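**Student:** Below you will find the structure I want to go over with you.
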Amino acid sequence: MELRRRSSSTAAKASDALPLPLHLTNAFFFTLFFSVAYYLLNRWRDKITSSSPLHLLSLSDIAAIFALLASVIYLLGFFGIHFVQSFVVRPADDDEEPSECTSFDKVDGQENDVMMADSITKGAAQPSPLLCTEPVKLVACGVDNDIMVDSVTKGKRVIQPSFQNVKPMVKELVSSIDRVYHDEDDVFIGSVLNGTVPSYSLESRLGDCRRAAAIRREALQRTTGRSLGGLPLEGFDYDAILGQCCEMPVGYVQVPVGVAGPLLLDGAEYTVPMATTEGCLVASTNRGCKAIYASGGATSVILRDGMSRAPVVRFATAKRAAELKFFMEDTLNFDTLAVVFNKSSRFGRLQSIKCSIAGKNVYLRFTSSTGDAMGMNMVSKGVQNVLDFLQSDFPDMDVIGISGNYCSDKKPAAVNWIEGRGKSVVCEATIKEHIVKKVLKTNVAALVELNMLKNLAGSAVAGALGGYNAHASNIVSAIFISTGQDPAQNVESSHCITMMEAVNDGRDLHISVTMPSIEVGTVGGGTQLPSQSACLNLLGVKGASKDSPGSNSRLLATIVAGSVLAGELSLMSAIAAGQLVKSHMKYNRSNRDMSTVSSRQES
């Protein structure tokens with residue numbers, strides 16, 4: 000006998016279990032979801048802007064999170080319950096022909112109700128819903144289901160509905176949400192273009208740093224009419240740079256990172272990461288590391304370790320300016336000033352104060368230890384404390400600027416060359432004669448002569464300031480970029496004098512580099528970004544040293560100096576052997592047809 004199914008007007012609905020009508024329940028959870036999500040996003044934005052830890056939650060935050068989870072569970076499990084139950088029970092008129100989604104018809108002239116598995120029998124052990132004696136074929140919404148009729152149920156059937164059609168609905172819901180976000184992005188792009196929303200405020204308004212970068216990028220492309228297709232946007236953690244490394248981001252630049260080494264320095268081996276786009280640089284430094292390693296390694300010494308900041312203040316007369324200078328340089332006053340300065344940080348410790356007068360202006364150069372941080376901000380806070388303290392004894396002192404360029408930061412200056420700034424390091428190695436010939440392809444006498452005429456006499460003729468070297472800046476910049484240092488401080492950090500001398504009766508080569516102002520840190524700034532942090536971890540200097548504060552940054556400074564030593568040794572050897580042009584023609588020139596590459600990127 001042919002069996003067909005028809006839904007009963009009294010069929011049980013899943014929504015009957017809800018305490019409120021279905022539309023009110025859906026409206027409640029929709030409102031709860033969006034209001035709680037909005038609240039949490041605002042809380043997250045406020046914590047980011049105020050640099051508060053994200054993991055510290057108040058009672059309201061915890062309640063909001065639970066409410067969000069509850070609404071998500073409901074929306075995932077019960078949203079569209081009206082649609083879901085339409086797959087289970089769909090009403091149909093008696094006169095309609097059975098369609099693809101049909102309901103049970105009458106069996107032997109009797110209409111049968113749909114019943115749940117747990118109501119098959121009463122007062123007895125529950126049999127399996129599919130335990131039956133007579134097979135019945137059920138077609139529900141295009142899905143075949145085998146249903147058996149048990150004689151115990153007296154012809155009533157147990158249905159296990161199919162939810163396969165829910166998946167397309169979920170996809171459509173996600174697609175709808177994406178369209179909403181896309182439309183909202185277009186609104187923000189238009190607001191940026193017409194000036195109603197400042198581009199710099201997108202992160203705080205949206206609470207989504209990646210989305211803010213995408214909107215800013217699109218607005219920029221529309222404003223300039225130029226494509227940024229070659230500048231990557233995806234694959235970067237924009238939250239990590241908010242309020243720390245870069246403002247108004249629209250993407251990021253890819254710089255390849257190579258490794259040189261192992262560099263054998265002070266008895267330990269280091270593989271040095273170098274971020275550069277200059278061919279030959281990593282290969283040349285690697286050759287220098289090889290020569291140093293084969294000769295027994297290099298040794299280094301930290302001569303000084305102190306970051307400086309020099310404010311400029313002004314008085315009405317030069318005499319009054321001189322009184323401040325005498326007061327600051329009096330050893331009896333130093334301890335008092337140190338106590339005031341040291342309040343700014345548990346790592347910052349005042350080391351010295353040197354003053355210079357220009358007319359009625361006084362330049363105060365404070366030098367302080369800074370632990371494992373590069374320390375500019377740390378020293379600046381300490382200097383501000385001292386300036387505020389001095390106002391009581393020198394009320395006529397006019398503070399012109401927290402920095403008066405006597406520091407001196409990010410510019411070549413004799414004061415850094417002479418007094419030092421950051422870490423002052425000297426690094427040396429003795430290269431065996433056979434290594435000079437076999438690895439470096441030159442001889443000791445040629446290297447010594449070239450160093451004198453190029454690095455010493457040639458630099459003097461050029462009037463160089465701290466530039467008595469071949470290419471120290473090359474290595475310093477590459478390591479700075481890879482490890483998250485401030486690239487602009489390459490200016491003073493590359494101050495270096497390279498010395499070469501024949502030793503052991505002229506057979507071996509003694510080479511040294513003296514670098515008085517290497518400014519590095521292993522905490523703060525760009526060192527906390529994932530890529531840069533990984534490079535620091537490769538060197539074993541990631542983060543702050545818990546056992547000996549400042550030791551990680553000092554070790555990094557010696558690695559920089561040791562790498563410069565390797566780079567100087569290799570480049571000078573290439574010049575002495577006449578290999579420089581040949582090497583650069585081989586490794587520093589691309590054979591790719593760049594016109595085709597550009598056309599592909601533009602398309």
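0 is the number of the first residue of the sequence shown in numbering that gives the first Met the number 0; add one for each residue after it. Where a beta carbon is used, it is the ideal one built from N, C-alpha and C, also for glycine. The structure presented is a predicted model; accordingly, all values stated were derived computationally and were not measured.
Identify the residues that DSSP records as bridge partners of D60: which are they?
**Tutor:** According to DSSP, D60 bridges with nothing at all.
**Student:** For S307 and S203, what's the separation of their Cα atoms in angstroms?
**Tutor:** 34 Å
**Student:** Can you list, in chain order, the residues of its chain whose CB lies under 7 Å from that of S127, leaving out five sequence neighbours each side?
**Tutor:** Any answer about S127 is weak, because its pLDDT of 42 lies below 50 and its placement is not dependable; what the coordinates show is given next. Counting only Cβ-Cβ distances below 7 Å, and skipping sequence neighbours, we find nothing.
**Student:** Could you check which residue in Y73, H509, Y362 has the C-alpha nearest to that of A317?
**Tutor:** Y362
**Student:** Helix, strand or coil: how does DSSP classify G233 here?
**Tutor:** The amino acid at residue 233 is misidentified as Gly; the sequence shows Glu. It is coil, neither helix nor strand.
**Student:** Which value, in whole angstroms, describes the spacing of the CA atoms of N468 and V281?
**Tutor:** 18 Å
**Student:** Taking buried to mean at least 16 other C-beta atoms within 10 Å of its own C-beta, is T195 buried or exposed?
**Tutor:** exposed
**Student:** Does DSSP put G76 in a helix, a strand or coil?
**Tutor:** helix
**Student:** Where does S70 fall in DSSP's three states?
**Tutor:** helix
**Student:** Nearest CA to the CA of L386: which residue from R210, I517, L55, S402?
**Tutor:** Measuring C-alpha to C-alpha distances from L386 to each of R210, I517, L55, S402 identifies S402 as the nearest.
**Student:** Among all the DSSP beta bridges, which residues are the ones paired with S307?
**Tutor:** T366
**Student:** I'd like the ranges of any alpha helix (DSSP H) spanning at least 4 consecutive residues and lying wholly in the stretch 507-544.
**Tutor:** 529-538
**Student:** CB-CB under 8 Å to G260, same chain, minus the five flanking residues each way: which ones, in chain order?
**Tutor:** E268, Y269, T270, V271, N285, C288
**Student:** Does the stretch 343-353 come within contact of the stretch 364-372, defined as at least 3 CB pairs closer than 8 Å?
**Tutor:** yes
**Student:** Would you please state the rounded distance, in angstroms, between the beta carbons of V475 and V563? I believe it to be under 8 Å.
**Tutor:** 7 Å
**Student:** Could you name the residues of the same chain whose beta carbon sits closer than 8 Å to that of P548, not counting the 5 residues immediately before and after it, in chain order?
**Tutor:** F346, G370, D371
**Student:** By how many angstroms is the C-alpha of N25 removed from the C-alpha of C100?
**Tutor:** For C100, the predicted model reports a pLDDT of 41, less than 50, meaning its position is unreliable; a value from the coordinates is still stated below. Straight-line Cα distance between these residues: approximately 26 Å.
**Student:** Here's a check: name, in chain order, each residue in its chain whose Cβ is nearer than 7 Å to the Cβ of V398, leaving out the five neighbours to either side.
**Tutor:** P310, V312, L386
**Student:** Compute the Euclidean distance between the alpha carbons of L508 and T330, then round it to the nearest angstrom.
**Tutor:** 45 Å
**Student:** I'd like to confirm the pairing. Which residues does DSSP put opposite N473 in its beta bridges?
**Tutor:** In DSSP, N473 forms no bridge with anything.
**Student:** Run the CB neighbour count on R506, radius 10 Å, all protein chains shown included, and call it buried at 16 or more, exposed below.
**Tutor:** exposed
**Student:** What are the boundary residues of the beta strand (DSSP E) that includes S355?
**Tutor:** 348-357
**Student:** Considering only residues of the stretch 409-467, which uninterrupted beta strand (DSSP E) runs meet the minimum length of 3 residues and lie entirely inside it, listed in chain order?
**Tutor:** 421-430
**Student:** Is the stretch 335-344 close to the stretch 377-396, with three or more CB pairs under 8 Å?
**Tutor:** Cβ pair count under 8 Å is three or more, so yes.
**Student:** On the DSSP letters alone, give me the boundaries of the alpha helix (DSSP H) that Y292 sits inside.
**Tutor:** 280-293
**Student:** Candidates Y292, N332, S516, C279: which alpha carbon is nearest L464's?
**Tutor:** S516
**Student:** Within 10 Å of its beta-carbon, does G374 have 16 or more other beta-carbons around it, so buried, or fewer, so exposed?
**Tutor:** buried
**Student:** Just grab the DSSP bridge partners of T298 for me.
**Tutor:** E427
**Student:** Cutting at 6 Å between CB atoms, please list the residues of its own chain near V191, excluding the five before and the five after it.
**Tutor:** Cβ within range, chain order: S198, A218.
**Student:** At a cut of 8 Å, does the stretch 236-255 reach the stretch 437-445 through at least three beta carbon pairs?
**Tutor:** Too few Cβ pairs lie closer than 8 Å, so no.
**Student:** DSSP on G381, reduced to helix/strand/coil?
**Tutor:** helix
**Student:** So for P486, helix, strand or coil by DSSP?
**Tutor:** helix
**Student:** Can you say whether G421 is buried or exposed, counting buried as having 16 or more other CB atoms within 10 angstroms of its CB?
**Tutor:** buried
**Student:** May I ask which residues mark the beginning and end of the alpha helix (DSSP H) holding E500?
**Tutor:** Note, E500: premise wrong, no alpha helix (DSSP H); beta strand (DSSP E) at 495-502.
**Student:** Quick check: what's the CA-CA separation for A543 versus N551?
**Tutor:** Across the structure, A543 and N551 are spaced so that their CA atoms are roughly 7 Å apart.
**Student:** My understanding is that A556 touches I301, with C-beta atoms under 8 Å, so please give their C-beta distance in whole angstroms.
**Tutor:** 7 Å
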